[in-house]
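Below is one structure, written out as structure tokens, with a few remarks after it.
Residue numbers (our numbering): 442 to 510.
Right under this line is the structure:
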């Protein structure tokens, strides 16, 4: 999760890319050119970034739950 620290500015580039701080990318295991899923809560000034490995784990878990029924 990324919260706005109250200083600085991040945004979308002219190529449609989101600039994330390096420490946030490293902490989340996001590699250069990874596609991510973003979920935002503007009222809370919160951005949740789901890297590929987390989405894979979520999908696998859900698939296993569905198969076990």
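Heads up, the beta-carbon is just placed ideally off N, CA and C, and yes, glycines get one too.
query                                                                                                             : result
Buried or exposed by the 16-neighbour rule on C-beta atoms within 10 Å, applied to residue 453                    : exposed
Candidates 467, 503, 475: closest to residue 458 by CA position                                                   : 475
Residue 489, buried or exposed, once every other Cβ within 10 Å from all chains shown has been counted against 16 : exposed
C-alpha distance - residue 494 paired with residue 504, whole-angstrom precision                                  : 15 angstroms
Which residues DSSP lists as bridging residue 491, in chain order                                                 : 478
Where the alpha helix (DSSP H) containing residue 464 begins and where it ends                                    : 463 to 469
Whole-Å CB distance - residue 465 paired with residue 492, under 8 angstroms assumed                              : 10 angstroms between Cβ atoms; not a contact.
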